[in-house]
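Counting in the numbering used here, the first sequence runs from 1 upward without gaps.
Worksheet for the structure shown next.
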Amino acid sequence: MTVRVRFAPSPTGHLHIGGARTAIYNWAFARNLGGTFVLRIEDTDPERSTQENTDAIVRAMEFLGLDYDEGPGVGGDYGPYFQTQRFDRYAEGLEELKASGHAYPCFCSAEELAAKRDTGRAKGGFAGYDRTCRSVDAENAAARVAAGEPHVWRLKVPEDRGDIVFDDAVRGETVFSADSVDDFVLARTDGSPTYNFAVVMDDADMLITHVIRGDDHLSNTPKQMLVFEALDLPVPTFAHLSMIWGADGKRLSKRHGATSVEAYRDLGYLPEAIMNYLALLGWSLDGETTIIDAETLKANFSLDRISKNAAIFDVEKLEWMNGVYIRELSAEQFLVRMVPWLEAAGLTTVEEAEARSEWLLRLAPLVSERIKRMDEIVPMVAFLFRDVTPSEAAVAKTLAKDGARAALVAASAALADVDWDAASIEAVLREVPAQLELKPKVVFQAIRVAVTGELVSPPIFESLELLGRETTLARLADAGALCGE
RNA sequence: GGCCCGUUCGUCUAGCGGUUAGGACACCGCCCUCUCAAGGCGGAGAUCACGGGUUCGAAUCCCGUACGGGCUACCA
């Protein structure tokens, strides 16, 4: 039997880091076994669900390279893939449960229920529904329903049902005693299905074989199993993933900074790095591997190596990993990803970038070697695109020092008619410190600040080559005004 | 309150009865060096939450306790 899994986010926000990890695990599991990966949108909460969020989730999935076989935009044989388009199915399912005697109407008011809950809890135990309306006889119940009395439909948990046991693929055998599950609501007063009912209908209709989801659903599992059983449908295998926390051990939230995949993209993180980091946050190949590409992940992923304990999201490690992936890019690959950042900063246009691709290709490796996030590109290369003004602090540390003026003068002279390539530039500039009896660092830092405006920049000889002789000499001359003496 | 889940260096993890408890990030030195990175070498860092068992032997198995988390809605 072929495996079918689903990722089922609510479009109440963008794709969250935790959701992304759940999606990755589902995807990797399906791909590993040649199964089917379904994307289903759980949009039954009209207050908070938006089309914009659905689009954002789909975009984030694409960004990460999580291709799905069925779902919004791609269709499939078991759709529709939006819960709001499946209400007729939920109604059919409910009719089935009514007919088979697994569902009964409950006329208790919200106030009554709250009171029962409180007393149940006060007595120190079960706080679920007390099953009052179970004892309303069928005829009477039918009459009240027909008369239009407000009611919900509840699941009738079988009297003789023993412990509810399932073998969670992550946590192992998990047991809930039957009396800890109450006759929960399947359909609300307005007829709409509750989550625990809709999910079962969907998973059943979509022939889902493995439900891989956050462990906030662990306690929902026995309820859902009872619905599968009432419907006389096979119960899928469950795998519950522990949560991802912020650095303080609390639920990951805005307080911790970026929480959505798109936010990390905008911060300059590569999809490969996000995928790799998340994949290993709660799953391991062998305990040694820290860099793993999508292909290797797909080839080796298994549920039994998912860890049971919650993990803290460590941005520092993600950042390191992002740097690894950036350095792995070829000049051509880096160029493609760099241009949008230059463009967004107004340093160049797509047309200009194309016209100067050979020049940008030389710049690419100088930058990719020394950044961890793509957003670091702009401040590092801005001096190549526009005029610079060194900060006072930079001037104080370099140009204002003894010998700086002489260094700039000597550099200008040396560069006046040398061949304009990094090697030649280096050859003549290397002689300057000795000539002036200055430390190399003093000379090169003075040139760096004069030309780039910064204390930190790409290697100086290559930088000059890329800048061009004319601009270089002009900036060296201008910087004379900033020197001491 | 009830039910359920979790607990190995600061962080992510390996370990599935016998290991000097391994790796990665972060951290600290040294080397390289025109800055910053990268890289190389080395270092520090875990009484495996705690307490009982079982066993010749337990981070690994069992039972408690503590702490953390989830569910307990006509939210998902």
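We put the beta carbon where it would ideally sit given N, CA and C, even for glycine.
Predicted model only: the values in this text are computed from it and were never measured.
_Considering only their Cβ atoms, is the gap separating I57 from L252 smaller than 8 Å?_
no
*Proximal residues to G246 (C-beta, below 8 Å), its chain only, five neighbours per side dropped*: If we look at G246 and ignore the five residues flanking it on each side, its Cβ neighbours are L252, S253, R255, H256, I312 and F313.
_By DSSP's criteria, A258 is part of a beta bridge. Which residues make up the other side?_
DSSP lists no partner for A258.
*Using three-state DSSP, classify D168 as helix, strand or coil.*
strand
*Can you grab the Cα-Cα spacing for the pair D513 / V38, in whole Å?*
Past the edges of the chain, shown from 1 to 485, lies residue 513, and the structure says nothing about it.
*Excluding sequence positions up to five away, which residues of its chain have a Cβ less than 8 Å from the Cβ of H14?*
N53, A56, I57, A60, S260, V261, E262 and A263
*Quick one: using the 10 Å Cβ neighbour count with 16 as the cut-off for buried, is V395 buried or exposed?*
buried
*Please specify which runs of the beta strand (DSSP E), each continuous and at least 3 residues long, are wholly inside the segment 94 to 130, giving them in chain order.*
Under the rule that a run must span 3 or more residues, the beta strand (DSSP E) segments found entirely inside the segment 94 to 130 read 103 to 106.
*Look at the Cβ atom of A450, then the Cβ atom of L384, and state whether they are nearer than 8 Å.*
No; because the gap between Cβ atoms is not below 8 Å, this pair is not in contact.
_Length of the line joining the Cα atoms of L415 and A477_ = 12 Å
_I need the DSSP call for P193, collapsed to helix, strand or coil._
strand
*Quick one: what does DSSP say A187 is sitting in, helix, strand or coil?*
strand
*Continuous beta strand (DSSP E) stretch holding W153: start and end*: V152 to L155
*Backbone CA spacing between I24 and K308 [nearest angstrom]*: 17 Å
_Beta bridge counterpart(s) of H217 as assigned by DSSP_ = Answer by DSSP bridge pairing: none, since H217 is not bridged.
_Where G470 falls, given that 16 or more other Cβ within 10 Å makes a residue buried_ = Checking the displayed sequence, the identity of residue 470 turns out to be Glu instead of Gly. E470 is exposed by the Cβ-count criterion.
*Simplified DSSP state of F313, which is helix, strand or coil*: coil
*Can you check whether the CB of W153 is closer than 8 Å to the CB of A110?*
no
*Start and end of the beta strand (DSSP E) containing A486?*
Because the chain spans 1 through 485 in this model, residue 486 falls outside it and cannot be assessed.
*What residues are listed by DSSP as bridge partners for E518?*
Residue coverage of the chain in this structure runs from 1 to 485, which leaves residue 518 outside it and unanswerable.
*Extent of the continuous beta strand (DSSP E) to which V5 belongs*: R4 to F7
*Less than 8 Å between the CB atoms is what I'm expecting for T194 and V181, so what's the real figure, rounded?*
Wrong, their Cβ atoms sit about 14 Å apart, outside the cutoff.
*asked:* My output table needs one value for I212: the three-state DSSP class, helix, strand or coil.
replied: Strand, per DSSP.
*Could you tell me whether the segment 360 to 378 touches the segment 327 to 340, where touching means 3 or more Cβ pairs closer than 8 Å?*
yes
*Note down, in chain order, each residue of its chain lying with its Cβ closer than 7 Å to the Cβ of F7, except the 5 sequence neighbours on either side.*
T22, A23, N26 and L39
*Under 7 Å Cβ to Cβ from P11, same chain only, skipping five residues before and after it: list those, please.*
I41, D43, S49, T50, N53, T54 and I57
_6 Å Cβ shell around E70 - same chain, five flanking residues per side excluded_ = V38 and G76
*Cα separation between E239 and V211?*
Contrary to the premise, residue 239 reads as Ala rather than Glu in this sequence. The straight-line gap from Cα to Cα measures roughly 6 Å.
_Using the three-state DSSP reduction, which class does R356 fall into: helix, strand or coil?_
coil
*For F29, name the three-state secondary structure that DSSP assigns.*
helix
_One question on the structure: do A404 and G468 come within less than 8 Å of each other, judged by their Cβ atoms?_
no
*Start and end of the alpha helix (DSSP H) containing L476?*
Segment R469 to A479, the alpha helix (DSSP H) holding L476.
*DSSP on V486, reduced to helix/strand/coil?*
Because the chain in this structure spans residues 1 to 485, residue 486 falls outside the shown range and cannot be described.
*State the Cα-Cα distance for the pair T289 and A30, rounded to the nearest angstrom.*
22 Å
_Using 8 Å as the threshold, is the C-beta distance between Y90 and L113 below it?_
no
*Along the chain, where does the alpha helix (DSSP H) that runs through W341 open and close?*
A331 to A344
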